[in-house]
Amino acid sequence: MDTFGHALWTGALYRKNPKRWVAVVCGVVPDLPILAALLLNPWPLLKGQGLPALDTIPPFLVALDLTAHSVLVFAVMAAVVWLMRPDMLVPFSGWGLHILIDVFSHANVPPFTATTFLFPVSDASISVVNWNHPVFIGVNYTLLALVYVLLWQRRIRTSPKT
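The opening residue of the sequence shown carries number 2 in this note's numbering; numbering runs sequentially from there.
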């Protein structure tokens with residue numbers, strides 16, 4: 002899924018948590034290596050050629066991306082957060098939500114690869130649908146709009162009348 006979609010889904014799911022903005026940040030952190038790659042070489046995207054091919058992205062950023070999308074790495078980091086700041090574990094789980102969504106929304110369609118969620122132990126992946134397919138984008142943002150309209154209506158109904 003695209004980074005903005007991750008932020009919106011995380012914001013909706015963690016809306017009642019006082020640390021929801023921490024959850025939103027954690028929900029987009031796994032995409033930062035690829036966003037950095039786009040900042041380092043924006044020309045293909047700006048020229049309308051789409052996202053850069055994986056072999057043009059610096060290897061250390063690819064390694065960071067694989068690491069950030071690993072359930073195993075997330076589990077270790079979640080254990081560290083739980084030991085050091087248990088109050089941050091729920092918002093930190095926004096990162097885990099990101100991985101869960103990406104496992105099913107990153108198909109192995111060039112220039113993309115499916116999410117290798119057991120990195121570095123295994124290159125196992127599930128190739129279901131690609132996040133940048135127009136149908137997926139349409140369904141995703143339609144559902145997000147519906148969720149936010151419903152949340153807004155609920156907020157209006159439950160707010161005290163003056």
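For every residue, glycine included, the Cβ atom is placed at its ideal position computed from N, Cα and C.
Under the criterion of beta carbons closer than 8 Å, M89 and V82 qualify as touching, at roughly 5 Å.
If you keep only unbroken alpha helix (DSSP H) runs of at least 4 residues inside the stretch 88-147, you get 90-106. Of all alpha-carbon atoms in L145, L151, F113 and L36, the one lying nearest the alpha-carbon of V130 is that of F113. Here the alpha carbon of V29 sits roughly 6 Å from the alpha carbon of H7.
Where L39 is concerned, the enclosing alpha helix (DSSP H) starts and stops at L33 to L41. Non-local C-beta neighbours of T4 in its own chain, meaning closer than 6 Å and more than five positions away in sequence, comprise V29 and D32, ordered along the chain.
In the structure shown, G12 falls within a helical segment according to DSSP collapsed to helix, strand and coil. Between S71 and L119, the C-beta spacing is below 8 Å.
Under the three-state reduction of DSSP, L151 is assigned to helix. Contact between the stretch 6-25 and the stretch 139-155 is present: three or more C-beta pairs spanning the two stretches fall below 8 Å. By the Cβ neighbour-count rule, V25 is buried, with 16 or more other Cβ atoms within 10 Å of its own. Between L52 and P45, the C-beta gap is smaller than 8 Å, which places the two residues in contact.
Leaving aside the five residues that flank D124 on each side, the residues in its chain whose CB is nearer than 8 Å to its CB run, in chain order, T117.
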